[in-house]
Structures are given as structure tokens and as C-alpha cells.
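Chemist: Sharing a structure below in C-alpha cells format, with a few things to ask.
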């Protein structure tokens with residue numbers, strides 16, 4: 001158990017679905033469900049200033065505070081905080097670890113109450129909508145009737161779409177960044193390679209590695225490396241690394257990391273496994289692959305958003321994102337328009353690829369700021 | 001040794017570099033070098049009808065005859081044969097397994113004469129130019145002064161570029177398909193993920209798996225799956241598989257191959273490991289990553305082709321190829337033009353992605369046919 005992910009004792013959690021179990025899309029149920037979450041700022045008296053942030057595949061609840069394992073700043077620390085774009089002096093920001101995750105919310109590494117040992121592959125396969133059901137439970141638990149906004153990029157954006165489809169009455173506004181309403185064959189293919197890399201690691205042991213032995217860190221690292229390439233653009237890789245060698249001299253004619261891009265990828269892989277669970281990676285990628293919001297609503301995406309006509313929406317894509325390109329984001333915008341949902345859309349120019357939504361991209365900031373301010377004003381909320 | 005690649009006894013080989021060792025770009029030497037090759041048709045009296053085909057990363061010498069392990073037709077059987085586009089009733093076609101390969105040419109799985117056991121990682125790291133040096137040795141051995149053509153796609157095209165740069169006097173014409181004169185950071189990144197997948201497999205044993213134990217088949221399979229995605233276009237994947245499920249019913253909510261694209265990728269991985277050696281995959285991808293034809297000639301690609309002004313060249317790219325896109329092929333064409341080399345170029349429309357050069361793409365066939373006929377006529381050769 002030496003390399004098993006150890007969570008700090010200080011995680012903020014709540015326990016939900018104790019008397020009524022959580023009904024999952026698969027038909028399975030879960031009870032209870034622990035939810036680990038962080039909040040920033042103060043909920044106002046009429047509970048009208050709450051903003052829910054939905055994190056991406058490898059994100060977590062530490063959106064604006066240091067990560068307890070890595071010590072790094074929150075993944076959207078730049079955007080969220082006192083006086084920042086999402087101003088926690090005025091807004092109450094909530095971010096919870098997704099169902100299936102590994103930072104304190106119930107997932108495959110949690111203890112299965114039926115057996116007293118970790119779920120492993122006995123954990124039920126979940127969907128993005130299941131993740132949102134748990135978030136809804138948390139929002140209820142906090143006594144919030146209507147979120148001022150739900151905001152997310154990438155898989156976070158997928159959760160935003162499921163909020164719009166499933167709980168539109170609980171939303172005043174919604175922001176989806178760099179996302180898609182369903183995974184393409186290529187998206188699924190890249191995820192499947194990652195899953196196969198994990199399952200090929202003998203330490204994986206059919207998902208039962210928690211009890212004893214080492215974790216499948218090498219497989220998880222390869223999975224991360226593969227995915228990481230899809231998060232960057234070819235231009236960004238060329239600008240950042242090109243064919244630069246690690247040493248300034250000639251190549252070594254060996255298999256050590258000779259090129260800077262190799263060293264960078266290996267680093268991404270080895271840092272990732274310090275804070276992530278391999279089975280969670282399997283479950284969360286599976287949830288993303290299963291997503292097909294249109295299919296869940298009879299095959300027409302607009303029908304998913306029919307009850308959301310009162311929700312102010314904002315969608316942004318990034319010009320060099322080839323994972324969830326502008327075309328996929330535009331399909332969402334078209335469906336929202338067809339459903340009569342007010343939506344602002346822009347393709348933000350950036351050569352950072354998919355990861356742009358996490359980075360300092362001025363065009364995104366100004367659009368997000370304008371949208372947030374107008375949405376607050378429409379509700380009589382001062383930002 | 002149960003799953004070690006076993007080559008048939010009937011392989012056609014020759015032994016070169018016996019008295020004079022092969023000097024490699026790394027500074028190392030190899031002696032002797034065994035070359036496994038196939039020929040089709042008959043060399044004419046003045047030895048003017050020889051065409052050398054250079055194979056791609058996972059190709060081999062069985063370009064127009066059944067593969068001895070898989071039993072499948074040659075990888076360019078459609079193009080090469082009696083009465084076919086490259087007509088072996090008139091041309092003498094040679095195709096040799098590359099240096100570092102695993103189908104009979106000296107590579108990491110060959111016996112190291114210094115130790116009497118397989119090289120493994122004691123095999124020197126090689127370059128594309130080293131592969132071409134060995135091909136040159138074979139051409140000399142066959143007594144051919146000037147090849148009517150050297151033809152290759154992908155890594156085969158890289159070899160064509162090195163022929164133009166290193167042995168232009170031995171060429172009458174050259175055809176490079178779907179290729180690049182250097183690997184980009186993204187190209188290197190995808191290869192590095194594949195190498196890491198192999199090295200993460202405990203069966204790899206630092207490359208020393210030949211002596212005993214199992215081969216790193218799982219790692220090699222993951223490497224193949226990753227690379228395979230880059231050989232196809234997103235459109236081709238969508239057209240072929242979309243989000244189609246294996247069964248016609250609902251998803252299984254499990255980790256078996258639920259989507260057809262998953263099953264397809266797993267199949268690609270498992271078929272590949274039956275006929276390929278993991279260490280060869282490491283060495284050949286490394287050679288591709290090291291390729292930078294301009295860098296080898298002072299930094300200006302045109303300078304690489306300065307001595308090739310008499311060689312008739314043809315370059316083709318494929319519109320949906322994102323591995324070696326049209327821009328990379330055009331860079332080659334610009335350099336050839338700048339060096340005064342006559343070159344025909346076309347971007348062939350196809351949604352098959354990089355693999356288009358291996359498939360039945362009419363635009364490619366007609367251009368190749370026209371070029372081959374004109375080049376033969378210019379030399380007084382009747383096709």
C-alpha cells in the first residue's frame with residue numbers, strides 16, 4: 001500500500017443519499033454517497049449568490065485553494081478569489097469532487113459498505129448525469145434553490161449541459177467552455193488507449209490493487225501522457241519545444257528523454273500519478289465516452305434544452321482546440337438557440353489547444369466578465 | 001520464449017558489411033549486417049529496370065507477396081505485380097526490411113556476434129540515413145548502378161529523402177508519399193508515449209526479454225493503438241464507427257469494448273504484436289524522431305537536395321493526413337524546387353487520413369502511373 005493515494009484528514013465532506021439511495025443511469029444504486037467539496041466566499045441571506053464550478057477529468061474541488069497533495073495553487077485560482085473575475089467577496093463559490101473521483105467523493109477507491117473493502121471494479125459505471133445528480137444533492141444540502149451560475153470547461157462543460165438538461169429550474173445562468181455534447185469516435189479512441197494502458201499494468205490486478213501491492217502507476221502515467229498530447233495544440237508544442245534537445249549538444253543516441261518534449265511528457269505523467277487514482281481514471285473517462293446528451297433526449301440535442309429557456313447561457317470554444325473543436329461547441333449553441341435558450345457564443349483565438357480554458361487567455365476573461373456581470377444584473381445581484 | 005517472434009526459415013537474406021563495417025550516424029559500427037529482402041520481376045540485362053520500395057514503420061519486405069506470419073497479402077499488393085501499376089512484368093522490384101527491423105534484417109532481436117545473445121538495448125541507435133546506407137549496400141550487392149525509382153510512403157518517404165540527400169547519383173527518379181523531412185514535437189510526443197508504454201511493461205526487462213520469459217506484448221499493443229489513431233482521420237473514424245455500439249442494444253455499463261471503435265483498436269493492437277518486436281518498435285520510432293534532413297545539411301533543407309537536380313521527383317500528400325500534413329510535404333517540395341530538382345506535387349483528396357497512401361485512392365494511382373511512365377520514357381525504358 002506504499003504508493004496508494006493518501007488523502008489528508010482535513011478534507012471537507014458531507015454525506016448524502018443516506019435514506020434515499022442515488023439512482024444511477026446504469027440502474028444501479030449507491031447509498032450513502034460522500035461528497036468532498038470546497039467553498040469560497042459567503043452565501044448571502046437569500047442564497048442567491050451561489051456559483052457552482054464543475055471540474056474537468058483530472059481536476060478536483062481545489063479550484064481556488066492550494067491542492068493538499070501537490071501544494072500547487074487551485075486550478076482556476078487566477079479566475080476565482082477576492083476581487084478576481086469571479087469575486088468571492090460577492091459570490092459564494094462551490095466546487096465538489098465528482099462522483100467516481102479520488103479526492104474524497106465516493107468512487108472506486110472508497111470503501112464498499114457491502115464488503116468493507118474498496119469498491120475497485122465493483123463500483124458501478126457512472127455517467128456525467130450521475131455526477132450532476134450528486135452535485136444537485138449537494139446544492140439541496142446547502143439549501144440553495146437556484147444557482148446564480150454553473151460553470152465548467154471540458155468535462156466540466158459536459159456537466160453544465162447535463163445541468164441544463166436535467167435541473168434547468170435550479171439555474172439562473174450557465175457557462176460551458178471548450179466542451180462537447182457527446183464524444184466522437186476519436187475522443188473514445190484516445191480514452192480507450194489510456195484505459196488499456198492502465199489495464200495492461202500488472203499492478204492493476206483487475207482493479208483490485210487497493211488491498212495490497214503497488215498501484216498501476218506506470219499504466220496511469222502512460223494514459224496521462226497520451227491524453228496530455230490531446231490537450232495541447234501542435235502549434236503550442238512546436239512553440240514550446242520544437243525539436244529542442246535536453247542538452248544543447250548532439251542527441252545521445254539512446255532512449256533517455258533526448259528531446260525536451262519527451263522530458264515534459266514524462267514529467268506530466270509522473271506528477272499526475274501522485275494525485276490520481278487509476279480506477280477513477282477508468283470510470284471518469286468511461287462516463288465521458290458514454291455522454292451523448294442528444295441521445296438521452298430522443299436524438300435531438302435541442303430537445304435536451306427545452307426546459308431551459310429562462311437560463312442565460314454562454315459558450316466559448318478555442319480556435320486551436322482539436323479535442324473539442326469549435327464545431328462541437330457550435331453544435332451546442334445551435335441546439336440552445338433552437339430550444340429558445342439565450343446564448344452568447346465566441347470562438348476565442350488561442351494557440352494553447354484545449355488547455356486554453358485553464359490558462360490566461362484575455363479574450364476568455366473579458367467575455368466571461370461581461371457575461372457574469374450582465375447575468376448578475378438581470379437577477380438584481382451586485383457584482 | 002513462447003511468444004517470441006519466430007521467423008520462417010524461408011526468408012531470403014544476404015549478408016553485407018562483412019569486411020568493411022557499416023558506420024552509423026551515432027559513431028558506432030555494425031558488422032556483419034544481414035538484410036532480408038524480397039524481389040519481384042526480373043532485372044533486365046542493363047540493370048536499368050530496378051525499383052526500390054522503402055517500407056513504413058511497421059511495414060516489411062513483403063510488399064507484394066503474402067506475409068509469412070499473418071498470411072495476409074503484401075502491403076502494396078494492389079500497386080505492385082504483373083500487369084499492375086508498378087508492373088513486375090517490366091520492372092524489377094526490390095523491398096528490404098529496414099535496419100533495426102524484425103523480419104530478418106539485423107536489429108535488436110538479432111544475435112550480437114560479440115556476446116552470442118540477442119542485442120536487446122546493446123543494439124546501436126540508428127537513423128533513417130543508416131537504414132538507407134544498408135539499402136545502398138543491397139543495391140550494390142545486386143550490381144545495380146542506378147535505380148529507376150525509389151518509392152516510399154511515411155517512413156518510406158523519409159528514406160526516399162535520405163536517398164536524394166545521400167546517394168542522388170544512384171537514382172533516376174524518386175517518389176515520396178505522405179511524409180516529412182523532420183518530426184515535429186507532436187510527432188515525437190506520440191512516439192514517446194508508445195515507447196513509454198513498452199518500457200512500462202515489466203516483461204520488457206530493459207529490452208532483455210529475448211532470453212527468457214514473455215515479451216512485452218501488452219505494452220507494444222498499447223503503443224500500436226496510440227499510433228493507429230494518428231494514422232486515421234477524425235472523419236474516417238466517425239464514418240467507420242461513429243458512436244456505434246458493439247451490440248445493438250444499450251451500453252453495457254462496463255469496461256469491455258462497448259463501442260465498435262474500442263473493439264477495432266484492441267484488434268489492431270493484438271494483431272500487431274503477432275508480427276512485430278517491441279525493441280524494433282523502440283529503435284525505428286527513435287530513428288524517425290531523430291530525422292531532420294535540413295539539420296543534417298547545415299539547417300537548410302534545399303541544401304540536402306543540391307546534388308539531386310537530375311532526379312525526377314514526385315511528392316504526394318493526402319488532404320486528411322494530420323500526422324504528416326500537406327504543409328510538411330509542401331516544405332519538401334519547396335526545398336526540391338529551391339535546389340533545382342524537377343518535382344511534381346499534388347495534395348490528393350481523401351478522408352482516410354495518413355493511411356491513405358496504403359489504400360485504394362484513385363487520385364494517387366493516376367498520378368503515380370503518369371509519373372512512372374514519364375520517368376521510364378525519359379530513360380528510354382518501356383513500361
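Chains as they are written, first to last, in full-length UniProt numbering: chain A, 1 to 383; chain B, 1 to 383.
Don't be surprised by glycine CBs; every beta carbon is placed ideally from N, CA and C.
Are the beta-carbon atoms of residue 257 (chain B) and residue 222 (chain B) separated by less than 8 Å?
Modeler: No; because the gap between Cβ atoms is not below 8 Å, this pair is not in contact.
Chemist: Go to residue 229 (chain B), then tell me how far its alpha helix (DSSP H) extends in each direction, as first and last residue.
Modeler: Unbroken alpha helix (DSSP H) run through residue 229 (chain B): 217-231.
Chemist: I want to see whether chain A comes within less than 8 Å of residue 130 (chain B), judged by CB atoms only; does it?
Modeler: For residue 130 (chain B), the answer is no, since every Cβ of chain A falls outside 8 Å of its Cβ.
Chemist: Select from A:33, A:38, A:51 the residue whose C-alpha is nearest the C-alpha of residue 372 (chain A).
Modeler: When only C-alpha atoms are compared, the closest one is A:51.
Chemist: Looking only at its chain, what residues have a beta carbon closer than 8 Å to the beta carbon of residue 10 (chain A), apart from the 5 residues adjacent to it on each side?
Modeler: 68, listed in sequence order.
Chemist: If you reduce the DSSP assignment to three classes, tell me which class residue 350 (chain B) lands in.
Modeler: Coil, per DSSP.
Chemist: What residues in its chain sit with their C-beta under 6 Å from that of residue 90 (chain B), if we drop five residues either side in the sequence?
Modeler: So the list reads 383, once near-sequence residues are dropped.
Chemist: Return the CA-CA distance between residue 268 (chain B) and residue 27 (chain B), expressed in angstroms with no decimal places.
Modeler: Answer to the nearest angstrom: the Cα atoms are 36 Å apart.
Chemist: Measuring only the C-alpha atoms, how far is residue 366 (chain A) from residue 55 (chain A)?
Modeler: In a straight line, the C-alpha of residue 366 (chain A) is about 21 Å away from that of residue 55 (chain A).
Chemist: Thinking C-alpha only, which one of B:109, B:312, B:285 is nearest residue 154 (chain B)?
Modeler: For residue 154 (chain B), the nearest C-alpha among the options comes from B:285.
Chemist: Which residues share a DSSP beta bridge with residue 182 (chain A)?
Modeler: Paired residues: A:292.
Chemist: Please classify residue 262 (chain B): does DSSP put it in a helix, a strand, or coil?
Modeler: Looking at residue 262 (chain B) - three-state DSSP - the assignment turns out to be helix.
Chemist: Quick one: measure Cβ to Cβ for residue 233 (chain B) and residue 351 (chain B), integer angstroms, because I've assumed they're closer than 8 Å.
Modeler: Confirmed, Cβ separation roughly 6 Å.
Chemist: Identify, in the order they occur along the chain, each residue of the same chain with its Cβ nearer than 6 Å to the Cβ of residue 312 (chain B), setting aside the five sequence neighbours on each side.
Modeler: Contacts found: 173, 342, 375.
Chemist: Counting C-beta neighbours from all protein chains within 10 Å, is the total for residue 114 (chain B) 16 or more, i.e. buried, or is it exposed?
Modeler: Exposed: under 16 other Cβ atoms inside 10 Å.
Chemist: Name, going along the chain, the residues of the segment 187-218 of chain A whose beta-carbon falls closer than 8 Å to a beta-carbon of chain B.
Modeler: Within the segment 187-218 of chain A, the qualifying residues are 188, 189, 190, 192, 193, 195, 196, 197, 199, 200, 201, 202, 218.
Chemist: With distances taken Cα to Cα, identify the nearest neighbour of residue 7 (chain B) among B:104, B:359, B:238.
Modeler: Selected option, being the one with the closest Cα: B:104.
Chemist: Residues of chain A with CB under 8 Å from residue 262 (chain B), in chain order?
Modeler: Ordered by position in chain A, the residues that pass the 8 Å Cβ test against residue 262 (chain B) are 188, 189, 192.
Chemist: Once you ignore the five residues that flank residue 1 (chain B) on each side, which residues in its own chain have a CB closer than 6 Å to its CB?
Modeler: Residue placement at residue 1 (chain B) cannot be trusted, given a pLDDT of 37 that sits under 50; what the coordinates show is reported in the next sentence. Taken in chain order, the list of residues that qualify is empty.
Chemist: Under the assumption that residue 100 (chain B) contacts residue 283 (chain B) (Cβ atoms under 8 Å), give the Cβ distance between them as a whole number of angstroms.
Modeler: Their Cβ separation, rounded to whole angstroms, is 4 Å, which keeps residue 100 (chain B) and residue 283 (chain B) in contact under 8 Å.
Chemist: Residue 321 (chain A): which of A:231, A:62, A:299, A:58 sits nearest, CA to CA?
Modeler: When only C-alpha atoms are compared, the closest one is A:231.
Chemist: Run through DSSP, which three-state label would residue 356 (chain B) get?
Modeler: If DSSP states are grouped into helix, strand and coil, residue 356 (chain B) belongs with the helices.
Chemist: Tell whether a beta-carbon distance below 8 Å holds between residue 161 (chain B) and residue 332 (chain B).
Modeler: It is a contact, given that the beta carbons lie within the stated cut-off.
Chemist: Counting contacts by CB-CB distance shorter than 8 Å, is residue 254 (chain B) in contact with chain A?
Modeler: For residue 254 (chain B), the answer is yes, since a Cβ of chain A falls inside 8 Å of its Cβ.
Chemist: Could you please give the first and the last residue of the uninterrupted beta strand (DSSP E) stretch that includes residue 173 (chain A)?
Modeler: It spans 173-177 - the beta strand (DSSP E) in which residue 173 (chain A) sits, taken as one unbroken run.
Chemist: Listed in chain order, which residues of the segment 33-64 of chain A have Cβ atoms closer than 8 Å to some Cβ of chain B?
Modeler: Hits within the stretch: zero.
Chemist: For residue 22 (chain A), tell me which candidate among A:111, A:84, A:72, A:135 has the shortest Cα-Cα distance.
Modeler: Among A:111, A:84, A:72, A:135, the Cα nearest to that of residue 22 (chain A) is on A:135.
Chemist: By the 10 Å Cβ neighbour count, where 16 or more other Cβ atoms means buried, how is residue 310 (chain B) classified, buried or exposed?
Modeler: Label assigned to residue 310 (chain B): exposed.
Chemist: Could you name the residues of the same chain whose beta carbon sits closer than 7 Å to that of residue 339 (chain A), not counting the 5 residues immediately before and after it, in chain order?
Modeler: The residues are 302, 305, 306, 308, 309.
Chemist: Using 8 Å as the limit for Cβ to Cβ distance, is residue 303 (chain B) near chain A?
Modeler: Closer than 8 Å: no.
Chemist: Just checking: is the beta-carbon of residue 386 (chain B) within a distance shorter than 8 Å of some beta-carbon in chain A?
Modeler: Outside the modelled stretch of chain B, which goes from 1 to 383, sits residue 386 (chain B), for which no answer is possible.
Chemist: Count the CB pairs spanning the segment 208-227 of chain A and the segment 260-274 of chain A that are closer than 8 Å, and state whether there are at least three.
Modeler: The segment 208-227 of chain A, when compared against the segment 260-274 of chain A, does touch it at the 8 Å Cβ threshold.
Chemist: Could you tell me which chain B residues have their CB closer than 8 Å to the CB of residue 222 (chain A), listed as they occur along the chain?
Modeler: By Cβ distance, chain B contributes 193, 196, 197, 200, 222.
Chemist: Could you tell me the alpha carbon to alpha carbon distance between residue 389 (chain A) and residue 263 (chain A), rounded to whole angstroms?
Modeler: One cannot answer for residue 389 (chain A) here, as it falls past the ends of chain A, which runs 1 to 383.
Chemist: State yes or no: is the C-beta of residue 35 (chain B) within less than 8 Å of the C-beta of residue 110 (chain B)?
Modeler: Not in contact: residue 35 (chain B) and residue 110 (chain B) (Cβ atoms no closer than 8 Å).
Chemist: Looking at C-alpha atoms only, which residue of A:355, A:201, A:360 is the closest neighbour of residue 178 (chain A)?
Modeler: Looking at the Cα atoms, A:355 is the closest of the given residues.
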